[in-house]
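*Asks:* Sharing a structure with you now.
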Ligand code: HEC
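In this note's numbering, the protein residues as written are 728 to 875.
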């Protein structure tokens, strides 16, 4: 293989990686944000405890290394090193993309685990969207707990 071919193959390879990192998501599939003011403790905490925390808790069984115990950790993200929540920008947040099944292989909860961890309803996803847009407000001192 000559050098030119090798270089163009390398360029092709890296450009495909960049495309992947940019996460092409079809935002038209997102439910519109809920128009109510989201009360995290009442509206979302129980949902996230039921559908996410079993894998994203303090001692996750999963390999995700993404902990949703408190606001700061939930925003920070996990092994991807990308922020999971971009405060004020729901449509750019992986947290919402994954929850709304916009990214193949990254559907949250994972497709094969939904008997135990139910997928969020359209209304709940709309609330997640509104919550992030409204500043991902999460009262000081509140932590997620394992669902009973
Ligand atoms: C059955 C276990 C399980 C459940 C339930 C689950 N996840 Fe995950 N999650 C994973 C695993 C495993 C990964 C890592 C996947 C990978 O990187 O390939 C992951 C990765 C993620 C990431 C990316 C973190 C990073 O930066 O690498 C986010 C964000 C996320 N999950 C959000 C959620 C949300 C929100 C819920 C609930 C709606 C949820 N997950 C429910 C197993 C789960």
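Heads up, the beta-carbon is just placed ideally off N, CA and C, and yes, glycines get one too.
1) According to DSSP, is residue 838 helix, strand or coil?
2) For residue 866, which residues from the same chain have a beta carbon less than 6 Å from its beta carbon, with the 5 sequence-adjacent residues on both sides left out?
3) Starting from the Cα of residue 797, find the closest Cα among 826, 811 and 764 and give me that residue.
4) Tell me whether residue 831, by its Cβ, gets closer than 7 Å to a heavy atom of the ligand HEM.
5) Is it buried or exposed, residue 869, if we count other Cβ atoms within 10 angstroms and call 16 or more buried?
6) Please state the DSSP three-state secondary structure of residue 873.
7) If you run the structure through DSSP and keep just helix, strand and coil, what is residue 833?
8) Using C-beta distances below 7 Å, list every residue in its chain close to residue 825, excluding the 5 sequence neighbours before and after it, in chain order.
9) So, does the stretch 857 to 866 touch the stretch 779 to 787, judging by three or more C-beta pairs under 8 Å?
10) Which of the three DSSP states, helix, strand or coil, is assigned to residue 815?
*Replies:* With the structure as the only source:
1) helix
2) none
3) 811
4) What this structure holds is the ligand HEC, not the ligand HEM.
5) exposed
6) coil
7) coil
8) 833, 834 and 835
9) no
10) coil
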